[in-house]
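These protein sequence lines map, in sequence, to chains A and B.
Residue numbers for the first sequence follow our numbering, beginning at -6 and rising by one.
Residue numbers for the second sequence follow our numbering, beginning at -6 and rising by one.
Some notes on the structure that comes next.
Protein chains: 2
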Amino acid sequence: MTPARPYHHGNLRQAVLDEAVAVVRERGAAELSLREVAAAIGVTHAAPRRHFPGRQELLDALAVEGFTRLGVRLREAVDASPGYPARIHAVATAYLDFATAEANLVELMFAHKHGADGEAVGRSAEAAFAPLLQVFRQGEAEGLLAGRSPDRLALILLATLQGLAGLVNCGVAPADQVGVLVDEAVARFPHAAGSSAAR
Amino acid sequence: MTPARPYHHGNLRQAVLDEAVAVVRERGAAELSLREVAAAIGVTHAAPRRHFPGRQELLDALAVEGFTRLGVRLREAVDASPGYPARIHAVATAYLDFATAEANLVELMFAHKHGADGEAVGRSAEAAFAPLLQVFRQGEAEGLLAGRSPDRLALILLATLQGLAGLVNCGVAPADQVGVLVDEAVARFPHAAGSSAAR
DNA sequence: ACCTGAACACCGTTCAAGT
DNA sequence: ACCTGAACACCGTTCAAGT
Chain A
-6 MTPARPYHHG
4 NLRQAVLDEA
14 VAVVRERGAA
24 ELSLREVAAA
34 IGVTHAAPRR
44 HFPGRQELLD
54 ALAVEGFTRL
64 GVRLREAVDA
74 SPGYPARIHA
84 VATAYLDFAT
94 AEANLVELMF
104 AHKHGADGEA
114 VGRSAEAAFA
124 PLLQVFRQGE
134 AEGLLAGRSP
144 DRLALILLAT
154 LQGLAGLVNC
164 GVAPADQVGV
174 LVDEAVARFP
184 HAAGSSAAR
Chain B
-6 MTPARPYHHG
4 NLRQAVLDEA
14 VAVVRERGAA
24 ELSLREVAAA
34 IGVTHAAPRR
44 HFPGRQELLD
54 ALAVEGFTRL
64 GVRLREAVDA
74 SPGYPARIHA
84 VATAYLDFAT
94 AEANLVELMF
104 AHKHGADGEA
114 VGRSAEAAFA
124 PLLQVFRQGE
134 AEGLLAGRSP
144 DRLALILLAT
154 LQGLAGLVNC
164 GVAPADQVGV
174 LVDEAVARFP
184 HAAGSSAAR
């Protein structure tokens, strides 16, 4: 019943995660060093081993945390908008805001090299994308999808947003045109604001 | 006038690049070690320094090589197809073939951390995407774009393809549905095969 | 259970020296 | 010009030992 008895930090696992997130945010996953993280929070380099057996496990945990944060943002964006077409634009904007603000973390999340906890990462990713799926299923229920598969449309929108964020983050797409590009990308989904009606 | 006099390998730079590409292809950029590459081709670890001052410069050179290869594939796909709408599908398929077959290399190419040679990487990327731009400009010239900007459409298609490849490579999108997803994604561009006519 | 401290093999980078 | 060999600081991982 006693809350996790503090030794040095109350919760070493969370302290490691927080510091690691900060390093990834500033310098990228490639620069993440277990020894540096341990030193920064004042423990020896072998202490975090009880919580993260190796570097890969820490990276996986960071990916899960990233997907959880992303999922919250997408959920908020969906809930804050009224109906089907508006929600597509809202969730798309929220996605690009997160993916450009947390470029290094998102790059880590989508790195296709995950360890034994790969399933956990995959599950957290699916959970994060659930709001996006919900929007298209709502659109289908309202007969706005012209017979197209809501799951496939959601996957393609997701790909477009993730790809757009990647192009912006690596400098191929101009950052100051993100808004216009999102508008143009979103407009190409059935009955979104300014889609085929613009012809 | 004498061709680059061979010392140990005829061309150490190319030998390093070839070995490095092989390592990245098999194990990913994170596992790339300059010392291991040097040992594999039979020189000491400091020998490649004349060609690649540091690890970052080698990674940049690998990215340039990757974009060059990608550009060749896209160019071939465009040239092998007859007109505007068919070429979109051809270039999209070629892109996903390359990006899924060379997952590790593509991940390196789009990593947003490049060194002092960042401009060179950017220029090679632009050159690789030129065939894609050409297709949409051709479509515009034929009046098939409904007034939309060919450059923006090209960027959005590129984002969708790159995002799709990333989702497939990290396991979010099922690999056996790539064909269907490409069809669906491409169908949403003006006058592509099976686009709005399918309604 | 949680953490320390020493050890091992590996890495990127630097540099004086060879041919 | 091109390459060697030694050195330095750093890293991930392992493990016996402490409390």
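Yeah, the Cβ is synthetic: ideal placement off N, Cα and C, and Gly gets one too.
Between C163 of chain A and V9 of chain B, the alpha-carbon positions lie close to 25 Å from each other. In this chain, the alpha helix (DSSP H) harbouring E69 of chain B covers 48 to 72. G59 of chain A and V165 of chain A have their C-alpha atoms roughly 24 Å apart. Shown here, H107 of chain A sits in coil according to DSSP, grouped into three states, outside any helix or strand.
M102 of chain A and L51 of chain A have their alpha carbons spaced roughly 12 Å apart. Going by DSSP, E12 of chain A is part of the alpha helix (DSSP H) stretching over 5 to 20. Rounded to the nearest angstrom, the gap between the Cα atoms of V84 of chain B and V84 of chain A is 29 Å. Proximity of chain A to E177 of chain B at the Cβ level (cut-off 7 Å) is accounted for by R145, I149, in chain order.
No residue range can be given for P167 of chain B, since it is assigned to no alpha helix (DSSP H) and is classified by DSSP as neither H nor E. Within chain B, I149, A152, T153, G156 have C-beta atoms less than 7 Å from the C-beta of T153 of chain A, given in sequence order. Contact with chain A is absent for F60 of chain B, since none of that chain's Cβ atoms lies less than 8 Å from the residue's Cβ. Bounds of the alpha helix (DSSP H) holding H82 of chain B are 77 to 94.
G21, A23: these are the residues of the stretch 17 to 37 of chain A whose beta carbon lies less than 7 Å from some beta carbon of chain B, given in chain order. A40 of chain B is positioned such that its CB atom lies no closer than 8 Å to that of E12 of chain B.
A Cβ-Cβ distance of about 17 Å is found for the pair Q131 of chain B and Y88 of chain B, leaving them out of contact under the 8 Å criterion. A check of alpha carbon separations from P143 of chain A across A:G159, A:A123, A:H38 identifies A:A123 as the nearest. P46 of chain A counts as exposed, since fewer than 16 other beta carbons sit within 10 angstroms of its beta carbon. The closest CA to that of T86 of chain B, considering only B:E95, B:R43, B:E100, B:L67, is found on B:L67.
Contacts with chain A (Cβ-Cβ distance below 9 Å) from the stretch 116 to 143 of chain B involve A118, E119, F122, A139, G140, R141, S142, listed in chain order.
Exposed is the label assigned to D169 of chain A, since fewer than 16 other Cβ atoms lie within 10 Å of its Cβ. Look at G47 of chain A: its C-beta is not under 8 Å from any C-beta on chain B.
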